[in-house]
Amino acid sequence: MEVENLLKIVVDACDDKHGYDIVAYDLTNAGVLYDYSVICHASTSRQVEAIAQEVREKVLESGATIYSTEGLREAKWILMDLGDVVVNIMTRDDREYYGLDALFEKYPLKGV
282 MEVENLLKIV VDACDDKHGY DIVAYDLTNA GVLYDYSVIC HASTSRQVEA IAQEVREKVL
342 ESGATIYSTE GLREAKWILM DLGDVVVNIM TRDDREYYGL DALFEKYPLK GV
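Per our numbering, the sequence shown runs over residues 282 to 393.
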């Protein structure tokens, strides 16, 4: 599967479960091991978990692979490694606290 298709599946899944401020940073020229970082947040850990479940279902339905998922127990920040796409689903407080957007702000946003 092309990485752009996988990225669209992830962003659409986050949107379907009402993730807030969904952004996809294009890291293809950043020298990291993956091409895109998707970040979104939710107002509760229950919603974080629901978004992650939707992403999981849609990615697996598409035939893509999920290499690793971290943070399911607490569901405050769930990190999903899909190879060329890394997904960060967080509570609003954790998103503000860890500031991933500031880390990636120098990389262009990918419109999907």
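Here a beta-carbon is modelled for each residue, glycine too, at the ideal position from N, C-alpha and C. Keep in mind it's a predicted model, so treat the numbers as computed, not measured.
| Item | Value |
| --- | --- |
| Just curious, the beta strand (DSSP E) that residue 362 is in, first and last residue? | 358 to 362 |
| When you compare only the Cα positions, how much space is there between residue 385 and residue 302? | 14 Å |
| My output table needs one value for residue 341: the three-state DSSP class, helix, strand or coil. | helix |
| Thinking just about the alpha-carbon of each residue, which of 296, 311 and 293 is nearest to the one in residue 365? | 311 |
| Using 7 Å as the threshold, is the C-beta distance between residue 360 and residue 347 below it? | no |
| Do you know how far the Cα of residue 329 is from the Cα of residue 380? | 17 Å |
| Return the CA-CA distance between residue 324 and residue 334, expressed in angstroms with no decimal places. | 16 Å |
| Bridge partners for residue 371 per DSSP, in chain order? | 322 and 358 |
| Suppose contacts are defined by Cβ-Cβ distances below 7 Å. Is residue 356 in contact with residue 318 by that definition? | no |
| What did DSSP end up calling residue 244 once you bin it into helix, strand or coil? | Only positions 282 to 393 of the chain appear in the structure, and residue 244 is not among them; the question remains open. |
| For the alpha helix (DSSP H) that residue 305 lies in, which residues bound it at each end? | Not the alpha helix (DSSP H): residue 305 falls in the beta strand (DSSP E), residues 301 to 307. |
| Using the Cβ count rule (16 or more neighbours within 10 Å means buried), how would you classify residue 294? | buried |
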